[in-house]
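Note that the protein sequences, when read in sequence, are chains A and B. Numbering-wise, the first sequence is residues 773 to 1102 according to the working numbering. Numbering-wise, the second sequence is residues 773 to 1102 according to the working numbering. The structure appears below as structure tokens.
Protein chains: 2
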Amino acid sequence: MDFKTELKIYQDIVNKELEKYLRKDECIEKVLNNAMEYSLMAGGKRLRPILVLATYKLFKENIEECLPYAVAIEMVHNFSLIHDDLPGIDNDDFRHGKPTNHKQFNEATAILAGDGLLNNAYMVIANDLQHTNNEINMDNINSNHNINSKNCIKNLKNLENKNNPISYVEKLNKKIRIFNEFSNAVDRMIAGEYIDTEYEGKQVLEENLEYMDENKTGALLKLSVRMGAILAECSETDVERLTAYAKKIGLAFQIKDDILSEEGDEKILGKPVGNDKKLNKCTYVSKYGLDGAKAKLNELIEGAIKDIEIYNENAEFLKDLAIYIKEREK
Amino acid sequence: MDFKTELKIYQDIVNKELEKYLRKDECIEKVLNNAMEYSLMAGGKRLRPILVLATYKLFKENIEECLPYAVAIEMVHNFSLIHDDLPGIDNDDFRHGKPTNHKQFNEATAILAGDGLLNNAYMVIANDLQHTNNEINMDNINSNHNINSKNCIKNLKNLENKNNPISYVEKLNKKIRIFNEFSNAVDRMIAGEYIDTEYEGKQVLEENLEYMDENKTGALLKLSVRMGAILAECSETDVERLTAYAKKIGLAFQIKDDILSEEGDEKILGKPVGNDKKLNKCTYVSKYGLDGAKAKLNELIEGAIKDIEIYNENAEFLKDLAIYIKEREK
């Protein structure tokens, strides 16, 4: 299958899954739900959830157990976009060719829609943990608040005796680990965004620029592949190898963003070009010039592809995704 | 012990615990951490964490296992205050007698500090779940990412044989339940705040005003007592009884807030009086007048005290707390 087709299939899976979480009920806060939906379904590339799924697929076929985490990370990503666009931060009017959330609704609604999406991500994770926990306590599924350890042990033994290939305890272990990694990555993303606002109009050291981007963009991209890998129960060596790949494409993604903000096509990008310059932002382009930034971008993508060579044709999609990050026009 | 002394002891416990979570390290995002600390340690009443602890103490003595949840709910409360005070929402300049977060720092920092506190709350919960999970897998504590179900069963059996009074599995069950209730309550709080912004300058039905307050203030207060009760492993009847108490003091708290905003003492309150009127907000005072609001307040506090009569002298503090909510001057 060619890359574009596979990408589209993944995007459709993610969009279909996100749809399930949209709230359509009539309630007083309906417009707030609409505002969350507006940004969530505004046509993003779905890079983060796709990385979760594609990484998982390196090791396992049935991606179902990844879906809540794919949804959660896309919610967090959209929360960050809504807040970054606010007048108090980047003051952007357009995103994905449409008015930004505070332009479409109003500032109060945009602040709260961002808050709501961040919190929704945790609702999704909490719900999945509860679901896995209920599976462990299967005998007690109808009264899931009154479980005792004896029944639990009995259930665990039953699972074992049946030679059930999936250990629910291991499932819970890895999901609690992911909840931790998730909350830490979001913490880093927020720190990165803060540094971005602090660096506006300043010249900064290369290491500080990298520290900013590793947090701002890198943290969630690393989290994406790590969630896919951990959910697929691969080895720690694999987790670290894929983290190295994600670290490189994360930085590459940011550099490409900086390049597009300088020389992209407004019509394709769906937002004005030249804002970084206008705000006197410290970017890879302002620091190394367009050619310097492009050289660094190439180097990172080559490195990322090397990181996953070991998976051969299984990693074809992840390899093409790295190239796509370099070559994308929006 | 008299109420004020006990309240002070609880406040000191909460403040000491919060201190542990403040980040003092030198890093590029240090000012963001300072901004989170600024609001978190600005001298709030600590009502929510104290409700967690005092409810737990109705049933169990050693409050240690409550502390992460007391911290998490206070973080969420402060996140909501920072965002509510923003120019895009209530545009308040003072809180607890000090400049609001965006006045002390700037708007971008305040938005991100609020985001950071919300996310920090989940980091605290995630960390506590990981800790409990590690206890279950005690034999594997040094390699907590590589746990298999056989060891887990062995550990569970050991725990059982030792007649250990605490079942770690039950601990995990109740904490996953709390994570769910927590994220749902925060969702309700955000919805309530949204409705508050929507109702500005409008006359609304009493049922809608109650719906708003049940979400905006009520959701976290209910969550507080529910977390304390669930952690203490009391019966579902107790959980529901205490929820009824919390629902009443939550609404009472909001009505008292409305009254103070109308006739409070600015010096004691630490913020200007009359803002609700100026913004033409729909409150209990604007709807029923001062006397009407006070009558409703009295009725609610009497009802709340009745709800917990069954616990006799054990509930003395919770009873006094209800009276305190009615009589507080800030």
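No residue lacks a Cβ here, since even glycine has one placed at the ideal position from N, Cα and C.
- Inter-residue distance for residue 955 of chain A and residue 1010 of chain B is about 32 Å (C-alpha atoms, whole angstroms).
- Separation of the CB atoms of residue 853 of chain B and residue 811 of chain B is rounded to 7 Å, and the pair is thereby assigned contact status at 8 Å.
- Excluding the 5 residues flanking it on each side, residue 1006 of chain A has same chain C-beta neighbours closer than 6 Å at 831, in chain order.
- For residue 855 of chain A, the neighbours in chain B by C-beta distance under 7 Å run, in chain order, 883 and 887.
- Judged by DSSP in its simplified three-state form, residue 1044 of chain B adopts coil rather than helix or strand.
- The C-alpha of residue 1069 of chain B is placed about 25 Å away from the C-alpha of residue 1000 of chain B.
- Leaving aside the five residues that flank residue 868 of chain B on each side, the residues in its chain whose CB is nearer than 7 Å to its CB run, in chain order, 814, 815, 816 and 1042.
- The beta carbon of residue 1016 of chain B sits closer than 7 Å to those of 1079, all from its chain and outside the five residues before and after it, given in chain order.
- Taking C-beta atoms as the reference points, residue 1098 of chain A and residue 1082 of chain A fail to come closer than 7 Å.
- At least one beta carbon of chain B lies nearer than 7 Å to the beta carbon of residue 955 of chain A.
- The Cβ atoms of residue 996 of chain B and residue 820 of chain B sit closer than 7 Å to each other.
- When secondary structure is reduced to three states using DSSP, residue 795 of chain A falls in the coil class, being assigned neither helix nor strand.
- By the Cβ neighbour-count rule, residue 840 of chain A is buried, with 16 or more other Cβ atoms within 10 Å of its own.
- With respect to residue 998 of chain A, residue 953 of chain A sits close: the two C-beta atoms are nearer than 7 Å.
- Chain order gives the chain A residues near residue 969 of chain B as 880, where near means a beta carbon separation below 7 Å.
- One thing to note: residue 801 of chain B has its Cβ no nearer than 7 Å to the Cβ of residue 861 of chain A.
- Cβ-Cβ distances below 6 Å link residue 897 of chain A to 844 and 951 in the same chain, with the five nearest sequence neighbours on each side left out; the list follows chain order.
- No residue range can be given for residue 865 of chain A, since it is assigned to no alpha helix (DSSP H) and is classified by DSSP as neither H nor E.
- In the assembly as shown, residue 1084 of chain A is an exposed residue. Its beta-carbon has fewer than 16 other beta-carbons within 10 Å.
- Taking each of A/987, A/946 and A/1032 in turn and checking the Cα distance to residue 965 of chain A, the smallest one comes out for A/987.
- Each of B/901, B/1047 and B/1088 was checked against the Cα of residue 866 of chain B, and the nearest Cα belongs to B/1047.
- Of the candidates B/876, B/809 and B/1050, B/809 places its Cα closest to the Cα of residue 795 of chain B.
- One finds 955 and 959 in chain B with Cβ atoms closer than 9 Å to the Cβ of residue 892 of chain A, taken in chain order.
- Closest in C-alpha terms to residue 1092 of chain B, from the list B/789, B/1004 and B/822, comes B/822.
- For residue 951 of chain B, the chain A residues whose C-beta falls within less than 9 Å of its own C-beta are 894, 897, 898, 901, 902 and 951, listed in chain order.
- Using a Cβ distance threshold of 7 Å, residue 807 of chain A and residue 880 of chain A do not count as a contacting pair.
- Taking C-beta atoms under 8 Å as the contact rule, residue 902 of chain A and residue 948 of chain B qualify, at a distance of about 6 Å.
- Closest in alpha carbon position to residue 971 of chain A, among A/1077, A/1054 and A/797, is A/1054.
- Taking a beta-carbon distance threshold of 7 Å, residue 801 of chain B counts as an interface residue toward chain A.
- Assignment of residue 814 of chain A by DSSP, reduced to helix, strand and coil, places it in the coil class.
- Looking from the CA of residue 899 of chain A, the closest CA among B/893, B/888 and B/945 belongs to B/945.
- In terms of Cβ geometry, residue 1089 of chain A and residue 837 of chain A do not form a close pair [threshold 7 Å].
- Using beta-carbon distances, residue 905 of chain A counts as an interface residue toward chain B, with a partner under 7 Å.
- Rounded to the nearest angstrom, the gap between the Cα atoms of residue 882 of chain B and residue 874 of chain B is 5 Å.
- Annotated three-state conformation of residue 1054 of chain B is coil, per DSSP.
- For residue 850 of chain A, the three-state secondary structure derived from DSSP is helix.
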